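Shown next, in structure tokens, is the structure this report addresses.
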Amino acid sequence: MNLEPAKEILRLRLSQMLINEKIKGKSFEIPIHLALGHEAIAVAVDNIMEENDQLVLSHRNVHYNLARAKALKPELDEYLLRKDGLACGELGSMNLANESKNIVYTSSILANNLSVAAGLALGKKVKKEQGVVIVETGDGAMEEGSFYETLEFLRSNNLPVLIIVENNGWSLATEIKERRCDIDLQKFSQAFGIRYANLKSNNVYEYIEKLKELRNLSLNETSPIVIEVELTTLGCWRMKSETDPVGRFINYHAGSAPEITTGNGFKFDDSEKDPVFVFVS
Numbered sequence: 006m007n008l009e010p011a012k013e014i015l016r017l018r019l020s021q022m023l024i025n026e027k028i029k030g031k032s033f034e035i036p037i038h039l040a041l042g043h044e045a046i047a048v049a050v051d052n053i054m055e056e057n058d059q060l061v062l063s064h065r066n067v068h069y070n071l072a073r074a075k076a077l078k079p080e081l082d083e084y085l086l087r088k089d090g091l092a093c094g095e096l097g098s099m100n101l102a103n104e105s106k107n108i109v110y111t112s113s114i115l116a117n118n119l120s121v122a123a124g125l126a127l128g129k130k131v132k133k134e135q136g137v138v139i140v141e142t143g144d145g146a147m148e149e150g151s152f153y154e155t156l157e158f159l160r161s162n163n164l165p166v167l168i169i170v171e172n173n174g175w176s177l178a179t180e181i182k183e184r185r186c187d188i189d190l191q192k193f194s195q196a197f198g199i200r201y202a203n204l205k206s207n208n209v210y211e212y213i214e215k216l217k218e219l220r221n222l223s224l225n226e227t228s229p230i231v232i233e234v235e236l237t238t239l240g241c242w243r244m245k246s247e248t249d250p251v252g253r254f255i256n257y258h259a260g261s262a263p264e265i266t267t268g269n270g271f272k273f274d275d276s277e278k279d280p281v282f283v284f285v286s
């Protein structure tokens, strides 16, 4: 068995834990969205990308940037707004791109990156360039008009794009059931004649094989594919008080994960919610 994907998950996990300690210590002047629990899909995407592929990201991009850069220091320096950072301290966290590693665009604006990915894919078609565009988004962006318009545009123009929807069931502090009706993404994709795939095992090896297959299908059929990745953003905690000793549940969205420390090991959950648990069990 190739152990590199498993090692990469551990590297991404430890890197984020170290960033988390810096956030706790108020080292940064910018907002940072950790992606603890999202490591498997980021490592898998990095493994299947080829020379002419392009990756387009959203505000929660730390895991993909770490996976592509293969190092923590350039990203950490960027968060510290240093000149030797990944983008010379000019992009910070939520807009962090890395063109040298084919991360060509990242946006802090919800769903903004989808239409940019469509434009990149159309440009490839017009210029007869090789490769696929991979765009990452979340379940919150599914509620934006740009999501639907982008799928229609991609299908109408027969553009090979992998749309990765990281569905953690939350947008900021609200669960899906609190803010909208259910959206059956498989049926929605089928309405456009777009292939749909679902990933939820958090098994990085399964993800790599499936994404390789889907990438080839997208290119061979010159068509977009929607890939829904069901995952859990780890780092939730409880706000305790004298009147509420159990504490109010706080879902992790951004900033520090106060109950996660470097002294408690890499594994945070004894279930498939945690990619580390999946490959060590």
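Mind the numbering: the sequence shown is residues 6 to 286 in the numbering used here, read in order.
Quick reminder that beta carbons are idealized off the backbone N, C-alpha and C, glycines included.
If you're wondering where the values come from, they're calculated on a predicted model, not measured in any experiment.
Query raised in the report: What residues in its chain sit with their C-beta under 8 angstroms from that of Ile-265, if we drop five residues either side in the sequence?
Result: Walking along the sequence shown from the start, residue 265 turns up at place 260. Here the set comprises Met-22, Asn-25, Leu-41, Leu-239, Gly-240, Phe-273.
**Report entry** With 16 other Cβ atoms within 10 Å as the buried cut-off, status of Leu-236
**Finding:** By 1-based counting over the sequence shown, the position of residue 236 is 231. It counts as buried.
Query raised in the report: Does the separation of the CB atoms of Val-166 and Leu-224 fall below 7 angstroms?
Result: Position 161 of the sequence shown, counting from 1, holds the residue named residue 166. Position 219 of the sequence shown, counting from 1, holds the residue named residue 224. No. Outside cutoff.
**Report entry** One or two residues paired with Leu-143 in a DSSP bridge
**Finding:** Numbered from 1 along the sequence shown, position 138 holds the residue referred to as residue 143. For the record, residue 143 in the displayed sequence is Gly; it is not Leu. DSSP, once it has assigned bridges, lists Glu-171 as partnering Gly-143.
**Report entry** Backbone CA spacing between Ser-261 and Arg-18 [nearest angstrom]
**Finding:** Stepping through the sequence shown from its first residue, residue 261 is reached at position 256. Stepping through the sequence shown from its first residue, residue 18 is reached at position 13. Cα to Cα, the separation comes out at about 14 angstroms.
Requested in this report: Quick one: measure Cβ to Cβ for Ile-35 and Ser-98, integer angstroms, because I've assumed they're closer than 8 angstroms.
Outcome: Residue numbering aside, residue 35 sits at position 30 when the sequence shown is read from its first letter. Residue numbering aside, residue 98 sits at position 93 when the sequence shown is read from its first letter. Going by Cβ atoms, the distance from Ile-35 to Ser-98 rounds to 5 angstroms, so yes, they are a contact pair.
Query raised in the report: What residue ranges within the stretch 34-75 form continuous alpha helix (DSSP H) runs of no fewer than 4 residues, ordered along the chain?
Result: 44-53, 67-74
Report task. Enumerate in chain order the residues of its own chain whose CB-to-CB distance from Leu-190 is below 6 angstroms, with the five nearest sequence positions on each side excluded. Result -> Locating residue 190 in the sequence shown gives position 185, counting from the first residue. Only Glu-233 meet the Cβ criterion.
**Report entry** Reduced DSSP secondary structure (H/G/I, E/B, other) of Tyr-153
**Finding:** The residue you call residue 153 lines up with position 148 of the sequence shown. Tyr-153: helix per DSSP, three-state reduction.
Query raised in the report: Should Ala-76 go down as buried or exposed, given a rule of 16 or more other Cβ atoms within 10 Å for buried?
Result: Translated into positions along the sequence shown, residue 76 becomes position 71. With fewer than 16 other Cβ atoms within 10 Å, it is exposed.
Requested in this report: With a 10 Å radius around its C-beta and 16 neighbouring C-beta atoms as the bar for buried, classify Gln-195 as buried or exposed.
Outcome: As a position in the sequence shown, residue 195 is number 190, starting the count at 1. Gln-195 is exposed by the Cβ-count criterion.
Query raised in the report: From Glu-180 to Asn-208, what distance separates their C-alpha atoms?
Result: As a first step, residue 180 is located in the sequence shown; it is residue number 175 there, counting from the start. As a first step, residue 208 is located in the sequence shown; it is residue number 203 there, counting from the start. Distance between the alpha carbons of Glu-180 and Asn-208 is about 25 angstroms.
Query raised in the report: Cβ of Ile-46 within 7 angstroms of Cβ of Lys-217?
Result: One-based indexing of the sequence shown puts residue 46 at position 41. One-based indexing of the sequence shown puts residue 217 at position 212. No, Cβ-Cβ distance for Ile-46 and Lys-217 is not below 7 angstroms.
Requested in this report: Quick one: grab the DSSP three-state call for Phe-273.
Outcome: On the sequence shown, position 268 is the one that residue 273 refers to. Reduced to three states, the DSSP call for Phe-273 is coil.
Query - According to DSSP, residues forming a beta bridge with Leu-204 - result: Taking the first residue of the sequence shown as 1, we reach residue 204 at position 199. Answer is Val-234, bridged to Leu-204.
Report task. Could you check if Asn-103 is buried or exposed, using at least 16 other CB atoms within 10 Å of its CB as the buried criterion? Result -> Along the sequence shown, read from residue 1 onward, the residue named residue 103 stands at position 98. Counting Cβ neighbours within 10 Å, Asn-103 comes out buried, since at least 16 surround it.
Report task. Just mark Asn-163 as buried or exposed, buried being the case when its beta carbon has 16 or more other beta carbons within 10 Å. Result -> Stepping through the sequence shown from its first residue, residue 163 is reached at position 158. Burial call: exposed.
Query raised in the report: Based on the DSSP output, what are the partners of Ile-108 in its beta bridges?
Result: Numbered from its first residue, the sequence shown carries residue 108 at position 103. DSSP lists Leu-60, Asn-103 as partners of Ile-108.
**Report entry** Cβ distance (whole Å) where Ser-151 is taken to contact Ala-116 below 8 angstroms
**Finding:** Taking the first residue of the sequence shown as 1, we reach residue 151 at position 146. Taking the first residue of the sequence shown as 1, we reach residue 116 at position 111. Right, their Cβ atoms sit about 4 angstroms apart.
Report task. Determine the closest residue to Trp-242 out of Ile-28, Val-231, Phe-254, with distance taken between C-alpha atoms. Result -> The residue you call residue 242 lines up with position 237 of the sequence shown. Answer by Cα proximity: Phe-254.
Query - Whole-angstrom distance between Val-285 and Leu-15, CA atom to CA atom - result: As a working mapping, residue 15 is identified with position 10 in the sequence shown. As a working mapping, residue 285 is identified with position 280 in the sequence shown. Taking the straight line joining both Cα atoms gives about 11 angstroms.
Requested in this report: Using alpha carbons as the reference points, say which of Val-121, Asn-172, Leu-159 lies closest to Gly-143.
Outcome: Numbered from 1 along the sequence shown, position 138 holds the residue referred to as residue 143. Of the candidates Val-121, Asn-172, Leu-159, the one whose C-alpha sits nearest the C-alpha of Gly-143 is Asn-172.
Query raised in the report: Nearest-angstrom Cα distance between Leu-156 and Met-147?
Result: On the sequence shown, residue 156 is found 151 positions in, with the first residue counted as 1. On the sequence shown, residue 147 is found 142 positions in, with the first residue counted as 1. Distance between the alpha carbons of Leu-156 and Met-147: 11 angstroms.
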